[in-house]
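Colleague: Mapping to the numbering used here: the sequence shown position 35 is 1483, numbers consecutive.
Positions of the beta carbon are idealized from the N, C-alpha and C atoms, including for glycine.
The model shown is predicted, which means the values in this text are computed figures rather than measured ones.
Following this message is one structure expressed as structure tokens.
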Amino acid sequence: MDNVQQSEVVGEEKPKVVGEEKPKVTPAPKAPAAAVSNKPSAASAGVGTSAGARTKTVESAQPDTVNLMRRRVTWTAIGAFLASCFLMFLRFFLPRTILEPSTVFRVGYPSDFGFGVETKFQQQYRVWVVRNAERLFVIYARCTHLGCTPDWKPAENKFKCPCHGSGYTNEGINFEGPAPRPMDRAHVELDATGQLVVDTSRLFQWPKGEKSHFDDTGAYLPV
1449 MDNVQQSEVV GEEKPKVVGE EKPKVTPAPK APAAAVSNKP SAASAGVGTS
1499 AGARTKTVES AQPDTVNLMR RRVTWTAIGA FLASCFLMFL RFFLPRTILE
1549 PSTVFRVGYP SDFGFGVETK FQQQYRVWVV RNAERLFVIY ARCTHLGCTP
1599 DWKPAENKFK CPCHGSGYTN EGINFEGPAP RPMDRAHVEL DATGQLVVDT
1649 SRLFQWPKGE KSHFDDTGAY LPV
């Protein structure tokens, strides 16, 4: 009887106490999954070290050639623009002059000219050198009507103005058209070497109805 009661007591469940909690079991900390990965690799070992820092500094110190070239081109363009503006500013204060051929020039020796009209100086100096049996003189190639340059017509032995038809003899004497008087003659003389020196700033005229100055000293050279 006593054994039965003891067995019953042993198998009997103890009543649960309300509010009583079982102690929580704290899991053991897991080992690092990749302990090796936390260690710095050989490739990244140099980063942060003095050797890596020196390498990085050297690489960043290399100049950028593209940017340098852009800066040079930009500043060159700016400098050229400013220089041109400055030159235009200076040009505003300079006088506007027209370069004209010299009024005093040499045309050669008297023996270089035969009888008739020599036209090779017309384009450069606007004169004709004329020689006849008595004298050599220089006609200034300007029509006395409106200032046009007449043309020499060897077939007609005359000068003809293309503007309004004024006609002149081979000595520059007007005979047809609206020209009021003969063409002017330039001053001519011989220099120390015997060459002909012409001065178109000194002209001899024959005004209409007045005395001719074609026989004045310097208006011709006797031959």
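With DSSP as the reference, identify every bridge partner of glycine 1615, one or two as the case may be.
Modeller: DSSP, once it has assigned bridges, lists Lys1608 and Glu1624 as partnering glycine 1615.
Colleague: What is the rounded straight-line gap between the Cα of phenylalanine 1563 and the Cα of glutamate 1548?
Modeller: One C-alpha to the other measures close to 30 Å.
Colleague: Could you name the residues that DSSP lists as bridge partners for lysine 1601?
Modeller: Bridge partners of lysine 1601: Lys1606.
Colleague: Restricting to Cα atoms, I'd like to know which of Arg1579, Lys1656, Ala1640 and Asp1664 is closest to asparagine 1622.
Modeller: The option with the nearest alpha carbon to asparagine 1622 is Lys1656.
Colleague: Taking the beta carbon of arginine 1579 as the centre, do at least 16 other beta carbons fall within 10 Å, making it buried, or is it exposed?
Modeller: Buried, by the Cβ-count rule.
Colleague: Within 10 Å of its beta-carbon, does phenylalanine 1607 have 16 or more other beta-carbons around it, so buried, or fewer, so exposed?
Modeller: Per the 10 Å Cβ criterion, buried.
Colleague: Buried or exposed: aspartate 1664, going by 16 or more other Cβ atoms within 10 Å of its Cβ?
Modeller: That one is exposed.
Colleague: Return yes when the C-beta of glutamate 1604 is under 7 Å from any heavy atom of the ligand HEM, and no when it is not.
Modeller: The ligand HEM is not part of this structure, which contains no ligands at all.
Colleague: Which residues bound the beta strand (DSSP E) around alanine 1634?
Modeller: That run of the beta strand (DSSP E) goes 1633–1638.
Colleague: Would you identify the three-state DSSP class for valine 1484, choosing helix, strand or coil?
Modeller: Unreliable positioning characterises valine 1484 in this predicted model, as indicated by a pLDDT of 44, which lies under 50. A coordinate reading is not provided.
Colleague: Bridge partners of isoleucine 1587, per DSSP?
Modeller: According to DSSP, which records beta bridges pairwise, isoleucine 1587 is partnered with Trp1576 and Arg1633.
Colleague: What residues in its chain sit with their C-beta under 7 Å from that of isoleucine 1587, if we drop five residues either side in the sequence?
Modeller: Cβ neighbours of isoleucine 1587 beyond the five flanking positions: Val1575, Trp1576, Val1578, Gly1620, Met1631 and Arg1633.
Colleague: Could you check if alanine 1589 is buried or exposed, using at least 16 other CB atoms within 10 Å of its CB as the buried criterion?
Modeller: Looking at its Cβ environment, which holds 16 or more other Cβ atoms inside 10 Å, alanine 1589 is buried.
Colleague: What is the DSSP secondary structure of serine 1550, reduced to helix, strand or coil?
Modeller: Of the three classes helix, strand and coil, the one that applies to serine 1550 here is coil, per DSSP.
Colleague: Buried or exposed for tryptophan 1523, please, with buried defined as at least 16 other CB atoms from any protein chain shown within 10 angstroms of its CB.
Modeller: Result: exposed.
Colleague: Can at least three beta-carbon pairs, one atom from the segment 1645–1654 and one from the segment 1551–1565, be found at a separation below 8 Å?
Modeller: They touch, by the three-pair rule.
Colleague: Since threonine 1522 is in the alpha helix (DSSP H), which residue starts that stretch and which ends it?
Modeller: From DSSP, the alpha helix (DSSP H) with threonine 1522 extends over 1513–1541.
Colleague: My output table needs one value for aspartate 1663: the three-state DSSP class, helix, strand or coil.
Modeller: Of the three classes helix, strand and coil, the one that applies to aspartate 1663 here is coil, per DSSP.
Colleague: Thinking just about the alpha-carbon of each residue, which of His1635, Glu1624 and Phe1537 is nearest to the one in threonine 1592?
Modeller: Nearest C-alpha to threonine 1592: Glu1624.
Colleague: Who does glutamate 1566 pair with in a DSSP beta bridge?
Modeller: In the DSSP output, where bridge partners are listed per residue, glutamate 1566 has Val1577.
Colleague: Return helix, strand or coil for proline 1558, following the three-state DSSP convention.
Modeller: DSSP places proline 1558 in helix when its eight states are reduced to three.
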